[in-house]
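Q: Last residue of the sequence shown: number 256 in our numbering, and the count goes up by one each step with no gaps.
Every residue gets a Cβ at the ideal spot worked out from N, C-alpha and C, and that includes glycine.
Just passing along the structure, written as structure tokens.
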Amino acid sequence: MKKVVVFLADGFEEVEAITPIDVLRRVDIKVTSVSISNTKEVTGSHNITIIADQLLKDTDFSAFDAAILPGGMPGTLNLNDNDQLKKIILDFDKDNKVIGAICAAPLILGELGLLKNKKAVCYPGFEKHLTGASIEKTPVAKDHNYITGNGIGAAMLFSLNLVNELCGTETADELARTMMVHK
């Protein structure tokens, strides 16, 4: 069974976190939400509070196959300010694990230098943070082990791209069909 971690910081964009959690769980991927703060309660940018499954400090990340960074403000900045999180992302990159980032969150990857010579998208206005990336004009971009989405409207397509990468095209297409998603 594939395992995915979704990192949560206060100010995360709720749709960009919950959509991938829901979609990935529909294909039996074990998704674990992890709070980067000292409490499991995390409040999104639209004042929706959710309870994360685990705390960053209590989590062994070696067993995960993929990581997801939701956008939102100030959630993205809170993620980007966490040195432990950035080390985990660098370790995932070194191991060629799938890394998804949506909306403003690709700035974390860009500022770590992980998007150089890779296709990527982000929320308009954050392109300057994607150092060396080839900025695409699509809702979602995939390059090597990276999947990026440009915002809340791309959350479903972003999630289905993660399913495609982790479970294959047939599974992603069948899920899209049963969820009435017209790609």
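1) Determine which residues share a DSSP beta bridge with residue 137 and list them.
2) Counting only runs that start and end within the segment 88 to 144, where is the beta strand (DSSP E) found for 3 or more residues in a row?
3) Among 251, 254 and 190, which one has its Cα closest to the Cα of residue 209?
4) Going by Cα to Cα distance, which pick from 117, 104, 132 and 192 is closest to residue 236?
5) Report all residues from its chain with a CB closer than 8 Å to the CB of residue 203; omit the five preceding and five following residues, and keep chain order.
6) Which class does residue 189 belong to by DSSP, given the choice of helix, strand or coil?
7) Measure the Cβ-Cβ separation of residue 225 and residue 88 and say whether it is below 7 Å.
8) Find the nearest neighbour of residue 217 within the set 243, 171, 228 and 111, judged by alpha-carbon distance.
9) Should residue 144 be labelled buried (16 or more other beta-carbon atoms within 10 Å of its own) or exposed?
10) Identify every residue that forms a DSSP beta bridge with residue 232.
11) On a CA-only basis, which of 114, 102 and 243 is nearest residue 128? Give me that one, please.
12) Is it buried or exposed, residue 130, if we count other Cβ atoms within 10 angstroms and call 16 or more buried?
13) Applying the criterion that 16 or more other CB atoms from any shown protein chain within 10 Å of the CB defines a buried residue, is residue 93 buried or exposed?
14) Less than 8 Å between the CB atoms is what I'm expecting for residue 82 and residue 148, so what's the real figure, rounded?
A: In short:
1) Taking the sequence shown and counting its residues from 1, one reaches residue 137 at position 64. For residue 137, which the question treats as bridged, DSSP gives no partner whatsoever.
2) Correct list: 103 to 108, 114 to 116, 122 to 124 and 139 to 142.
3) Reading the sequence shown from its first residue, position 136 is the one you call residue 209. With distances taken between Cα atoms, residue 209 lies closest to 190.
4) For the purposes of this step, residue 236 is identified with residue 163 of the sequence shown, where counting begins at 1. Considering only 117, 104, 132 and 192, the residue with the shortest C-alpha distance to residue 236 is 104.
5) In the sequence shown, residue 203 corresponds to position 130, counting from 1. Counting only Cβ-Cβ distances below 8 Å, and skipping sequence neighbours, we find 179, 180, 182, 183, 188, 193 and 195.
6) Here residue 189 corresponds to residue number 116 of the sequence shown, with the count starting at 1. Annotated three-state conformation of residue 189 is coil, per DSSP.
7) Here residue 225 refers to the residue found at position 152 when the sequence shown is read from its first residue. Here residue 88 refers to the residue found at position 15 when the sequence shown is read from its first residue. Contact: yes.
8) For the purposes of this step, residue 217 is taken as residue 144 along the sequence shown, with counting starting at 1. For the residues 243, 171, 228 and 111, the minimum Cα distance to residue 217 belongs to 171.
9) Taking the sequence shown and counting its residues from 1, the one referred to as residue 144 is at position 71. Answer is buried; the Cβ neighbour count reaches 16.
10) Residue mapping note: residue 232 aligns to position 159 of the sequence shown, counting from 1. According to DSSP, residue 232 bridges with nothing at all.
11) Stepping through the sequence shown from its first residue, residue 128 is reached at position 55. With distances taken between Cα atoms, residue 128 lies closest to 114.
12) The residue given as residue 130 occupies position 57 in the sequence shown. Label assigned to residue 130: exposed.
13) Here residue 93 refers to the residue found at position 20 of the sequence shown. Under a 10 Å Cβ-count criterion, residue 93 is classified as buried, with 16 or more other Cβ atoms of the shown protein chains found around its own Cβ.
14) Within the sequence shown, the letter at position 9 stands for residue 82. Within the sequence shown, the letter at position 75 stands for residue 148. Confirmed, Cβ separation roughly 5 Å.
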